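Structure, as structure tokens:
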Amino acid sequence: CLQSITQKIFIPPAKTVTASKNTIQQSLDDKTPINILLLGYGGGDHDGAYLTDSIITVHIDPGTQKIFLISIPRDIWIKIPTNGEEGSYSKINAAYQIGLDDINYPDKQKKFSGPGGGAKLAEYAVSQVTGLSTNFFVGIDFSGFTKTIDTLEGVDIAVNKAFDDYEYPIQGKETDACGLAETEIASLSAQLASPSAELSQLDAFPCRYEHLHFNAGQQHMDGTTALKYVRSRHSLQDGTDFGRAQRQRNLLVAVKQKIFSVGFIPQALPFMNSLGDNLRTDLSLDDVRILLQNASLLEKYKIISLALTDENLLQDAVSTDGQSILESKDGEGNWTSIHDWLVNEFN
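Using this note's numbering, read the sequence shown as starting at 366 and increasing by one per residue.
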């Protein structure tokens, strides 16, 4: 029922937020852009359950009838306000988790606390980078992702290049001993901890990983396979986070095509209800209805993929605590060139 949908997945906006949001209908009528932040995260028993594995801003422009998919690399280094307006630098993929964690971060602003705190803090962090005000948020965990693809009876994804990943982690085997004795595990762990270690995790504990292979071209994938496709990050051919971001955008295009081809729209609300805690959003029920009612119009919009990479606006760096990070080429915390680039792309 609609009441259970509201109780399960819809997050009420923080009471301290005073800025009003246009409804979807108003934006469509006025031809003003709509920005929806999509977050994917492990959830459940995964390590770093709410560290976002996927961050994409969907910029819908009714005026030009275009939809822009903007990938935000998870290693972007950004100041996150964890103590009032003050804070410290962290990777942007931590924003959602920090917003949800009121125990370890009790001094956050109220709008970044409570059930909707994760969404609000992630929206804030991403808006600093893009210069775009986020209107709505949708978050889904790995279980919800898999169930969505399987409900659509799989999707047909255009794989840009063939690749192999020999280090894809098997869920539940993160600490598997691989039949080794405790003394052997201790020895291997010591070798891995050495700064000059030549031994890899795969060499030490091969049972914890599986080999993935994807052929180039159009590939039909079920939920489990699609999740591996968008999460894989250790292939020699396409293992960068930028390559993975491209795969995630390819997946969104495939999902959009499948939704319209199978007549999924009438089933959308009941399906959202079935996802329960695997899906979170601050879209109102009315806004979801309006999106569904305008599906035939949105289907005609042109989809354009945009990526922030180290080949255009970002540069590799190392944080003071030794993490591999990404910064703006304009310098730490300066996102002006990215803002200008996006405005130019939209026009």
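The beta-carbon is built from N, C-alpha and C at its ideal position, and this holds for glycine as well. Keep in mind it's a predicted model, so treat the numbers as computed, not measured.
When burial is assigned at 16 or more other CB atoms within 10 Å of the CB, is residue i buried or exposed?
i	result
E547	exposed
K473	buried
K694	exposed
I535	exposed
L617	buried
D530	buried
G698	exposed
H585	exposed
G687	exposed
K476	buried
T685	exposed
K396	exposed
I631	Per the sequence shown, the amino acid found at residue 631 is Pro instead of Ile. Result: exposed.
S478	buried
G464	buried
V494	buried
The alpha helix (DSSP H) that contains residue i, what's its start and end?
i	result
H599	Per DSSP, H599 belongs to no alpha helix (DSSP H) and is neither H nor E.
S561	Element bounds for S561: n/a, residue is neither H nor E.
S492	482-495
K621	606-626
F579	Run containing F579: none in the alpha helix (DSSP H); it sits in the beta strand (DSSP E), 574-579.
Anyone know if the C-beta pair for residue i and residue j falls short of 9 Å?
i	j	result
L679	P438	yes
W700	N677	no
L434	A487	no
L657	F502	no
G588	D515	yes
I457	V491	yes
I420	L640	no
F570	T674	no
A527	F579	yes
R612	S597	yes
A523	N615	yes
What residue range is occupied by the uninterrupted beta strand (DSSP E) comprising residue i?
i	result
D642	Careful: D642 lies outside any beta strand (DSSP E) and carries neither H nor E.
N448	442-448
D418	417-426
N400	399-406
- So does the segment 658-675 actually touch the segment 424-434, counting three or more Cβ pairs closer than 8 Å? yes
- Query: Where are the alpha helix (DSSP H) runs, 4 residues long or more, that stay fully inside the segment 501-562, in chain order?
  - Reply: 507-516, 547-558
- Item | Those runs of the beta strand (DSSP E) which lie wholly inside the segment 643-693 and span at least 3 residues | 644-646, 667-672, 679-683, 689-693
- Is it true that the segment 563-580 meets the segment 536-545, where meeting means three or more beta-carbon pairs spaced less than 8 Å apart? yes
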